[in-house]
Amino acid sequence: MSRRWPIRLAALIGVALVLGLTIAVLTAPSSELPAGLVPPEGTYDVRILRDSWGVPHIFGRTDADVAYGLAWAHAEDDFETIQGSLVAARGRLAAALGKQGAANDYMVQLLRVPEVVAAGYPELPADVRALCEAYAAGLNHFAARHPEQAIAWAYPIRGDDVVAGFVHKLPLFFGIDATLTELFADGPPPADETSSADPRSLEGAPVEAAILRGRDRLGLELGPVAGSNTFAVGPARSADGSTMLLINSHQPWEGPVAWYEAHLRSEQGWDMVGGVFPGAPLILHGHNRTLGWAHTVNKPDLIDVYELEIDPEDPYRYRFDGTWHTLEEETAAIEVKLWGPLRWTFKRPVLWSVHGPVVRGPRGTYALRFASYGEVGHVEQWYRMNKARTFDEWQAAMRLRAVPMFNTGYADRDGNVYYLYNASLPRRTAGYPWAQTLPGDTSATLWTETVGFDELPQVLNPESGFVQNCNNSPFATTLGPENPSPEDAPIGIERRLTNRGRRALELLGADASITLEELDAIKYDTAYASDSLMAGLVKRVRDLPAPDDLETRRARDELAAWDLGTEADNPRAALAILTLAPFLPITGEVERPTDEALVASLAQTAERLQQDFGRLTVPWGEVNRLRRGTIDLPLGGAPDVLRAVYGELDDDGRLVGLAGDSYILRVAWGPDGSLRSESIHQYGSATQDETSPHFADQAELFAERRMKPVWMDEAEIRAHLTREYRPGE
174 MSRRWPIRLA
184 ALIGVALVLG
194 LTIAVLTAPS
204 SELPAGLVPP
214 EGTYDVRILR
224 DSWGVPHIFG
234 RTDADVAYGL
244 AWAHAEDDFE
254 TIQGSLVAAR
264 GRLAAALGKQ
274 GAANDYMVQL
284 LRVPEVVAAG
294 YPELPADVRA
304 LCEAYAAGLN
314 HFAARHPEQA
324 IAWAYPIRGD
334 DVVAGFVHKL
344 PLFFGIDATL
354 TELFADGPPP
364 ADETSSADPR
374 SLEGAPVEAA
384 ILRGRDRLGL
394 ELGPVAGSNT
404 FAVGPARSAD
414 GSTMLLINSH
424 QPWEGPVAWY
434 EAHLRSEQGW
444 DMVGGVFPGA
454 PLILHGHNRT
464 LGWAHTVNKP
474 DLIDVYELEI
484 DPEDPYRYRF
494 DGTWHTLEEE
504 TAAIEVKLWG
514 PLRWTFKRPV
524 LWSVHGPVVR
534 GPRGTYALRF
544 ASYGEVGHVE
554 QWYRMNKART
564 FDEWQAAMRL
574 RAVPMFNTGY
584 ADRDGNVYYL
594 YNASLPRRTA
604 GYPWAQTLPG
614 DTSATLWTET
624 VGFDELPQVL
634 NPESGFVQNC
644 NNSPFATTLG
654 PENPSPEDAP
664 IGIERRLTNR
674 GRRALELLGA
684 DASITLEELD
694 AIKYDTAYAS
704 DSLMAGLVKR
714 VRDLPAPDDL
724 ETRRARDELA
734 AWDLGTEADN
744 PRAALAILTL
754 APFLPITGEV
764 ERPTDEALVA
774 SLAQTAERLQ
784 QDFGRLTVPW
794 GEVNRLRRGT
804 IDLPLGGAPD
814 VLRAVYGELD
824 DDGRLVGLAG
834 DSYILRVAWG
844 PDGSLRSESI
854 HQYGSATQDE
864 TSPHFADQAE
874 LFAERRMKPV
884 WMDEAEIRAH
894 LTREYRPGE
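Once you know that position 64 of the sequence shown is 237 in this note's numbering, the rest is easy, because the numbers rise by one and skip nothing.
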């Protein structure tokens, strides 16, 4: 068993724990696959070209052909996770995993994911549905050819399952899971209040309580991402007049929100390279020949919680605008695997008010209202972004407003650089404590609209020549007066400036003539800013009274001498990071630590380093490791530095990376329109196959902060070709 590093990893692991840790259980088939999963010959015309890094280049006649080929290629490398994502979106995870999946399935039904998809999918444009159905067909074909890996009862996969995956995952990014967990925070009723024979219960505790029991394993309280970086540098600030874009999302290194690199090309004009998540039929961020974009997670307030006044004579009635209304009641049927082939369906009421889903917790009855409920157009928006060729076309896709959040950085061949605080922010009236629990008895707090696209913070072609976002406030996007004004901003936008944002502004702002190599050096910066929270914690430790314990006193003196760097050879970074990282607000705000807490953490870290390494000053790379199969490499970087690395302590005292810098893509358009693109993945293309040469063939480059070329022209791809085939061959 590993010892979990005492850092707030909630937002790092996120949905990866929902589906990733136990996903291998899903591979055992429970029955025969249905017939008809293989499409008739000639239905799809697609070729898969694997380059020397194993990256799939999907060449199809139509866009639908390409989506079909992407499903097959990605399934070759990570079929288990794709299946798990789709099963979870259907609300059938407990049927595969047992009670550990019940929390997910309850949430799916509470949020009415199946009903939303059933109502919205038929209304999507025909080309979008064709894309989803082709992707589903590719997965069905792969399952038919690999029945030993398939969850038989999950087939056939349908196009609406692909859309359900987006409807299911995106609310987790803006915290619906954490909100539900908080409402159940006081735990279930005493055991004697709920009989184990109650068909609505699981082992004597209500289904809702499974959210609490299982959250550390399942991640239902966890946001999927800790942070990300993006920079866009325009011709006015680059050394040679190029336009450059850095795409640097910080994701878990395994699981359903881990990046997979692909290149998609059709005869209908689709020619896009970038990252996809398991279950996605297109590129989520990357670049085509003329433009590109990157997402980072923002923290818009998209959820409101209302306390309902319940009729003391009837627990299913609540007061609203002076009259009693009846809660809508449905039954959540949660099929749970017990042992072997045996399953049992547990039932639990699911309640709704005019606000949205209703939770009965130990402290009362609450309703939730969240932005983008009922939205199914996520695939459509990303598809239009993939196919855009100009800034106007791309921004028109963003104006669809289907994707409810994410900072977005953009650059293009024409020299445009752009930042958008993308968010489906509710249009709220002033005068209510929107960040707190709201009164649920009045329509005055019941918003029905979102703010307009043009009201969102955004910056286009600033005089400074660059935009950046590192999960920081949109009001610190660039230098100068063109930053958005907080006074004009809608309600619900964060104000925090991360260390990464501070360093990006400092480093980009100090260089008026940025080369590609200098951009890379900024991206891989490993320092904390002198005015960062980390620097403040170091100063507090330095100012502490001398501890009574001699070893702790020595540790304080060593930490006080730390230079805020996290290079692999830094001798004091291990002591500093293991001591202080637990107090960094990696996933949100944390309480200011007491002096006693700082001393206790320092003493514990000193003892651990002496026990595991025999000294306090250990080169950081000796502690901070990338491990993959037989590979074990030193890493620089740390939480909330631009070279972001987050890890978990193993039994030998090493910190093993599990999230942070992952798939990195950097593209530059020269003044003549030429394109240069490079990328790196923390492991390689074969994310599950330990026997593949691509299981960890990029790890050494990743550890050394180097990148590999991205090939988009067929002649270049064929010059580095290792295999060409069609799905099923």
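We put the CB at the ideal spot given by N, CA and C, even for glycine. Quick caveat, the model's predicted, so the values are computed rather than measured.
Following the DSSP letters along the chain, one finds Pro663 in no beta strand (DSSP E), marked with neither H nor E. Pro295 sits in a helix when the DSSP states are folded into three classes. Here DSSP, grouped into helix, strand and coil, assigns His247 to helix. The three-state secondary structure of Ser774, taken from DSSP, is helix. In this structure, Gly843 and Val590 do not form a Cβ contact; the two beta carbons are roughly 15 Å apart against a cut-off of 8 Å. Under the three-state reduction of DSSP, His460 is assigned to strand.
In the DSSP assignment, Lys510 is bridged to Arg516. By the criterion of at least three beta-carbon pairs nearer than 8 Å, the segment 231-239 is in contact with the segment 296-309. Judged by beta-carbon spacing, Leu723 lies beyond the 8 Å limit of Gly582, meaning their Cβ atoms are not closer than that value. Selection Leu206, Val211, Pro212, Leu222 evaluated against Arg896 yields Leu222 as nearest (Cα-Cα). One alpha carbon belongs to Thr699, the other to Arg800, and they sit about 20 Å apart. Rounded to the nearest angstrom, the Cβ distance from Ala505 to Gln273 is 17 Å, too far for a contact under 8 Å. DSSP places Gly452 outside any alpha helix (DSSP H), giving it a letter other than H or E.
Rounded to the nearest angstrom, the Cβ distance from Pro522 to Glu502 is 6 Å, consistent with a contact under 8 Å. Residue pairing for Asp487: DSSP places it in a beta bridge opposite Asp484. With 16 or more other Cβ atoms inside 10 Å of its own Cβ, Lys560 counts as buried.
Contact between Val239 and Ser401 does not hold, since their C-beta atoms are separated by about 26 Å, which reaches or exceeds 8 Å. Judged by DSSP in its simplified three-state form, Trp793 adopts helix. Counting of Cβ neighbours within 10 angstroms places Ser858 among the buried residues, the total reaching 16 or more. Of the other Cβ atoms in all chains shown, fewer than 16 fall within 10 Å of the Cβ of Pro485; this residue is therefore exposed.
Around Ala702, the same chain offers Asn672, Arg675, Arg676, Glu679, Ala708 as residues with beta carbons nearer than 7 Å, after the five sequence neighbours per side are excluded. Secondary-structure assignment with DSSP links Thr416 through a beta bridge to Trp842.
The residue from Ala747, Gly787, Arg765 with its alpha-carbon nearest to that of Leu775 is Ala747. In the DSSP assignment, Asn672 is bridged to no other residue.
Proximity to Pro212 across Ala773, Gly465, Arg265, Gly311 peaks at Gly311, based on C-alpha coordinates. DSSP, read as helix, strand or coil, puts His893 in coil.
With contacts defined as CB atoms closer than 8 Å, Glu480 and Tyr539 qualify as a contacting pair. Phe339: member of the alpha helix (DSSP H) spanning 332-346, first to last residue. Per the C-alpha coordinates, the member of Gly537, Leu541, Thr518 positioned closest to His528 is Leu541. Gln784 is classed as exposed because its beta carbon has fewer than 16 other beta carbons within 10 Å across all chains shown.
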